[in-house]
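Chemist:
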Amino acid sequence: MKITHDAQRCCSSGMCESFAPDIFEISDDDGALQVLDATPDESRRGAVELAIASCPTEALSLE
Amino acid sequence: MTTTRETRPYDVADLSSLGFWESTASEREKTFADLRAHRPITWHSPAEGRLMDDPNDQGFWAVVRHADLVEVTRRHDDFISGEGIVFDSVPPELLDAAQGFIAMDPPRHTQVRRLLVSAFTPKQMKRIEDNVVANARRIVDEIAAKGQVDFVREVAMLVPMHNIFDMMGVPEEHRLALAKTSETIGSYRDLPGNDPTEVVRVLTESLIGFQVIASELVNQRRTNPTDDLITSLVQAEVDGEKLSDADIMSFFSLLMVAGNDTTRQSTAHGLQALTDFPEQRAWLMEDIDGRMTSAVEEIVRWATPIMTFRRTAARDCELGGQQITAGDKVILFYASANWDTEVFEHPGRLDLARTPNKHISFGGGGIHHCLGNQLARRQLAATFKELLTRLPDIRSTGEQVYGAGNFFHTVASMPATFTPEAVR
Ligand code: HEM
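These protein sequences, in sequence, are chains L and G.
My numbering numbers the first residue of the first sequence as 24 and each following residue consecutively.
My numbering numbers the first residue of the second sequence as 126 and each following residue consecutively.
(1) Over the uninterrupted beta strand (DSSP E) stretch that includes G/Thr437, give me the two end residues.
(2) For G/Ile338, which residues from the same chain have a beta carbon less than 7 angstroms from its beta carbon, with the 5 sequence-adjacent residues on both sides left out?
(3) Is G/Asp221 closer than 8 angstroms to G/Ser206 when the C-beta atoms are compared?
(4) How is the beta strand (DSSP E) around L/Leu85 delimited, first residue to last?
(5) Mind checking if G/Val242 is an interface residue toward chain L, Cβ cutoff 8 angstroms exclusive?
(6) So the alpha helix (DSSP H) G/Val257 belongs to, where does it begin and stop?
(7) Would a check of beta-carbon distances place L/Thr80 closer than 8 angstroms to chain G?
(8) Out of G/Phe469, G/Leu444, G/Ser375, G/His287, which has the shortest C-alpha to C-alpha gap to G/Leu457?
(9) Secondary structure at G/Ser103, three-state DSSP: helix, strand or coil?
(10) Using C-beta distances below 7 angstroms, list every residue in its chain close to G/Ile413, excluding the 5 sequence neighbours before and after it, in chain order.
(11) Can you tell me the Cβ-Cβ gap for G/Ala393 and G/Phe276, rounded? I've got them flagged as a contact below 8 angstroms.
(12) Considering Cα atoms alone, identify which of G/Ala438, G/Thr418, G/Gln405, G/Ala460 is closest to G/Trp427.
(13) Which word fits G/Pro112, buried or exposed, when buried means at least 16 other C-beta atoms lie within 10 angstroms of its C-beta?
(14) Can G/Ala261 be considered in contact with ligand 1, in the sense that its beta carbon sits closer than 7 angstroms to one or more heavy atoms?
(15) Measuring only the C-alpha atoms, how far is G/Asp601 from G/Thr309?
(16) Would you say G/Phe480 and G/Ser391 are within 8 angstroms of each other, going by their C-beta atoms?
(17) What would DSSP say about G/Asp206, mapped onto helix, strand or coil?
(18) May I ask you to list, following chain order, the residues of the region 41-56 of chain L that have a beta carbon less than 8 angstroms from some beta carbon of chain G?
(19) Could you tell me which chain L residues have their CB closer than 8 angstroms to the CB of G/Glu494, listed as they occur along the chain?
(20) Looking at G/Val425 and ligand 1, is the gap between the Cβ and the nearest heavy atom below 7 angstroms?
(21) If you count every other CB in all the chains shown that lies within 10 Å of the CB of L/Ile46, and 16 or more means buried, which is it?
(22) Does the Cβ of G/Ile227 lie closer than 7 angstroms to at least one heavy atom of ligand 1?
(23) Give me the Cβ distance between G/His494 and L/Ser66, rounded to the nearest whole Å; I'm assuming they're in contact under 8 angstroms.
(24) Who are the Cβ neighbours of G/Arg263 in its own chain at under 6 angstroms, not counting the five residues just before and after it?
(25) Just to make sure I have the definition right: I need the residues of chain L whose C-beta is within less than 7 angstroms of the C-beta of G/Thr246. Which are they?
(26) Count the other CB atoms within 10 Å of the CB of L/Glu40; is the residue buried (16 or more) or exposed (fewer)?
(27) For G/Gln525 and G/Met282, I'd like the C-alpha separation in whole angstroms.
(28) Please give the ranges of any alpha helix (DSSP H) in the region 131-171 of chain G, keeping only runs that are unbroken, at least 4 residues long and fully inside the region.
(29) Please list, in chain order, all residues of the same chain as G/Asp136 whose beta carbon is under 7 angstroms from its beta carbon, the five residues on each side excluded.
(30) Which residues, in order along the region 502-524 of chain G, keep a beta-carbon less than 8 angstroms from a beta-carbon of chain L?
(31) Which residues mark the beginning and the end of the alpha helix (DSSP H) in which L/His28 is found?
(32) Determine which residues share a DSSP beta bridge with G/Leu457 and list them.
(33) Closer than 7 angstroms, Cβ to Cβ, to anything on chain L: give me those residues from the region 478-494 of chain G, in chain order.
(34) Is it a yes or a no for the region 167-186 of chain G touching the region 306-324 of chain G, going by three-plus beta-carbon pairs under 8 angstroms?
(35) If we count Cβ pairs, one from each stretch, closer than 8 angstroms, do we get three or more for the region 253-271 of chain G versus the region 356-375 of chain G?
(36) Any heavy atom of ligand 1 closer than 7 angstroms to the beta-carbon of G/Phe434?
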């Protein structure tokens, strides 16, 4: 499982972080989203899928 | 056949009169239930105003189902916010002064939101958790010996006031005045008198009072920057340019109104709900720490502190089988969506264990999704924990007074009684 993040589309809503704070984090510096772990363990799939579906700008996807 | 805005017939259901909004949430729900079941996207006559009548306003589309509300929220290219986000027609100079970036569209909305978002993340909320708990404790300390209070003035209003102003960096001496201004801006339909010019005058006066205090604070931060949100606004740059003073004031106002009045309403409706459903309260008390998270979600659904927001169609498009025309107003009815039986089993029952709880009180998951949702949740958990453990028999006396607006679901006052702490 590999997460891709399109920074152009991202609007920093923070929705993904609310589902998986260990994987997605809004940066303290500039409010941009950082994917802390782009290849998380399979056991996190449920949370990752919820986070991706919650994105209002479809900036996240799974490979 | 497509109709134009001017000729489109109005639905028979009344969502527009002052009387509809002066009635109770359960009365309004009868109308919403009928619309949700039979006519989910309907065109209505303009909202009867308290501020102005806009001759160019021909009406609005009502979005009442949960699924449709989420859809409109997420189609932010079709349904934009930049034309205004409140249901009522409001003089534009008042709107510009108070709405902030919630009434902006991308790309500027995104740029501005990024300036503030890191102060509201789950990580940041953990950092301020102790302070949120301390604020709840301080407020319960103040009332604990009294035995009876106006719960709105002495609890519900004060918790969010201290928390948001701690974050923003508003000193104690200005807090009550600004919280009062915030209330006037958010709940002007509850101001006494029926003369629109008088209401506009009071609103303008409040805004000017707010701007005097706010610009003083802004100027102080320019000279003495600290680590609060006012400093963030003062130092922020978008596209290499500092924010204008007008923008800073309007963002300040948005944080103030959004930060104060929403959580206040949730706290008050929460106490009423816990009074009305004693068996739910007993269930919560059996394991208050373990059950608080789901309880807070249900309280926020039950309260639906924001009843309406507006979008405007950016182009001709379709919604739920209806042909929408560019420029049409589209109103999202949050209270209706939170009672949608397609999503909620027995929505009229308070169920503090409700899981999942897909309420849309913080928005339908779009780019404007409530910036303060984590803060609000933490505050409500801290407040009810403190109240229910220290004043376990606190209850509303049933003499609460609800507001008459169509924006915030306000509780103007709520007498509450309890056994004073020292007596127990
Ligand atoms: C129970 C309490 C609260 C409720 C029910 C609530 C509800 C909402 C709703 C419905 C929206 C619009 C969502 C949309 O258009 O999709 C919103 C946006 C917003 N809320 Fe809250 N809110 C609450 C607490 C707070 C708090 C404590 C703050 C603190 C500052 C806050 C700040 C904001 C801001 C700044 C926006 C605009 C975000 C944007 O445009 O990007 N809210 N809120």
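Even glycine gets a Cβ: it sits at the ideal position worked out from N, Cα and C.
None of these values were measured; they are calculated from a predicted model.
Modeler: Let me spell this out:
(1) Numbered from its first residue, the second sequence carries residue 437 of chain G at position 312. From DSSP, the beta strand (DSSP E) with G/Thr437 extends over 433-438.
(2) One-based indexing of the second sequence puts residue 338 of chain G at position 213. The residues are His299, Ala302, Leu303.
(3) To locate residue 206 of chain G, count along the second sequence from 1; it is residue 81. To locate residue 221 of chain G, count along the second sequence from 1; it is residue 96. No, the Cβ-Cβ distance between G/Ser206 and G/Asp221 is not below 8 angstroms.
(4) On the first sequence, residue 85 of chain L is found 62 positions in, with the first residue counted as 1. That run of the beta strand (DSSP E) goes 83-85.
(5) The residue labelled residue 242 of chain G in the question sits at position 117 within the second sequence. At least one chain L Cβ lies under 8 angstroms of G/Val242.
(6) Mapped onto the second sequence, residue 257 of chain G falls at position 132. Segment 247-268, the alpha helix (DSSP H) holding G/Val257.
(7) As a working mapping, residue 80 of chain L is identified with position 57 in the first sequence. With 8 angstroms as the cut-off, L/Thr80 counts as an interface residue toward chain G.
(8) As a first step, residue 457 of chain G is located in the second sequence; it is residue number 332 there, counting from the start. Put simply, of G/Phe469, G/Leu444, G/Ser375, G/His287 the residue whose alpha carbon is nearest the alpha carbon of G/Leu457 is G/Leu444.
(9) No answer is possible for residue 103 of chain G: the residues shown for chain G start at 126 and end at 549.
(10) As a first step, residue 413 of chain G must be located in the second sequence, where it is residue number 288. Excluding the 5 residues flanking it on each side, G/Ile413 has same chain C-beta neighbours closer than 7 angstroms at Lys510, Leu513, Thr514, in chain order.
(11) Counting from 1 along the second sequence, the entry for residue 393 of chain G is found at position 268. Counting from 1 along the second sequence, the entry for residue 276 of chain G is found at position 151. A Cβ-Cβ separation of about 6 angstroms places G/Ala393 in contact with G/Phe276 under the 8 angstroms criterion.
(12) Indexing the second sequence from 1 puts residue 427 of chain G at position 302. Closest in alpha carbon position to G/Trp427, among G/Ala438, G/Thr418, G/Gln405, G/Ala460, is G/Ala460.
(13) Residue 112 of chain G lies beyond the stretch modelled for chain G, which goes from 126 to 549, so this question has no answer here.
(14) Along the second sequence, one-based indexing puts residue 261 of chain G at 136. Outside the cutoff, so no.
(15) With chain G represented from 126 up to 549, any question about residue 601 of chain G goes unanswered, as that position is not in the structure.
(16) Residue numbering aside, residue 480 of chain G sits at position 355 when the second sequence is read from its first letter. Residue numbering aside, residue 391 of chain G sits at position 266 when the second sequence is read from its first letter. Inspection of the sequence shows that residue 480 of chain G is occupied by Thr rather than by Phe. Using a Cβ distance threshold of 8 angstroms, G/Thr480 and G/Ser391 do not count as a contacting pair.
(17) Counted from its first residue, the second sequence places residue 206 of chain G at position 81. A small correction: the amino acid at residue 206 of chain G is Ser; Asp does not occupy that position in the sequence shown. Coil.
(18) So the close ones are Ser41, Pro44, Glu48, Ile49, Ser50, Asp51, Asp52, Asp53, Gly54, Ala55.
(19) In the second sequence, the residue the question calls residue 494 of chain G occupies position 369. Correcting the residue type first, residue 494 of chain G is His in the shown sequence and not Glu. The contacting residues are Ser36, Gly37, Met38, Pro79.
(20) Here residue 425 of chain G corresponds to residue number 300 of the second sequence, with the count starting at 1. Yes, the Cβ of G/Val425 comes within 7 angstroms of a heavy atom of ligand 1.
(21) Translated into positions along the first sequence, residue 46 of chain L becomes position 23. Around the beta carbon of L/Ile46, 16 or more other beta carbons lie within 10 angstroms, which makes this residue buried.
(22) As a position in the second sequence, residue 227 of chain G is number 102, starting the count at 1. Answer for G/Ile227: yes, Cβ within range of ligand 1.
(23) Along the second sequence, read from residue 1 onward, the residue named residue 494 of chain G stands at position 369. Along the first sequence, read from residue 1 onward, the residue named residue 66 of chain L stands at position 43. The Cβ separation is near 27 angstroms, so there is no contact.
(24) Residue mapping note: residue 263 of chain G aligns to position 138 of the second sequence, counting from 1. Within the same chain, and ignoring the five residues on either side of G/Arg263 in sequence, no residue has its Cβ closer than 6 angstroms to its Cβ.
(25) Residue numbering aside, residue 246 of chain G sits at position 121 when the second sequence is read from its first letter. Those are Gly37, Glu40, Ile49, listed as they occur along chain L.
(26) Sequence index remark: in the first sequence, residue 40 of chain L carries index 17 (1-based). Under this definition L/Glu40 is a buried residue.
(27) Residue numbering aside, residue 525 of chain G sits at position 400 when the second sequence is read from its first letter. Residue numbering aside, residue 282 of chain G sits at position 157 when the second sequence is read from its first letter. Taking the straight line joining both Cα atoms gives about 15 angstroms.
(28) Complete alpha helix (DSSP H) runs here, min 4: 143-147, 150-163.
(29) One-based indexing of the second sequence puts residue 136 of chain G at position 11. For G/Asp136, the CB contacts under 7 angstroms within the same chain, skipping 5 residues up- and downstream, are Arg164, Thr167, Trp168, His169 in chain order.
(30) Hits within the stretch: zero.
(31) Within the first sequence, numbered from 1, the residue matching residue 28 of chain L stands at position 5. Element bounds for L/His28: not the alpha helix (DSSP H) but the beta strand (DSSP E), 26-28.
(32) Against the second sequence, residue 457 of chain G aligns to sequence position 332. DSSP, once it has assigned bridges, lists G/Val188, G/Phe434 as partnering G/Leu457.
(33) Contact residues of the region 478-494 of chain G toward chain L are Gly490, Gly491, Ile492, His494 (C-beta to C-beta distance below 7 angstroms).
(34) Remark: three or more beta-carbon pairs, one from each stretch, lie closer than 8 angstroms, so the region 167-186 of chain G and the region 306-324 of chain G are flagged as touching.
(35) The region 253-271 of chain G makes no contact with the region 356-375 of chain G: fewer than 3 CB pairs, one atom from each, lie closer than 8 angstroms.
(36) Taking the first residue of the second sequence as position 1, residue 434 of chain G is located at position 309. Because some heavy atom of ligand 1 lies under 7 angstroms away, the Cβ of G/Phe434 counts as near it: yes.
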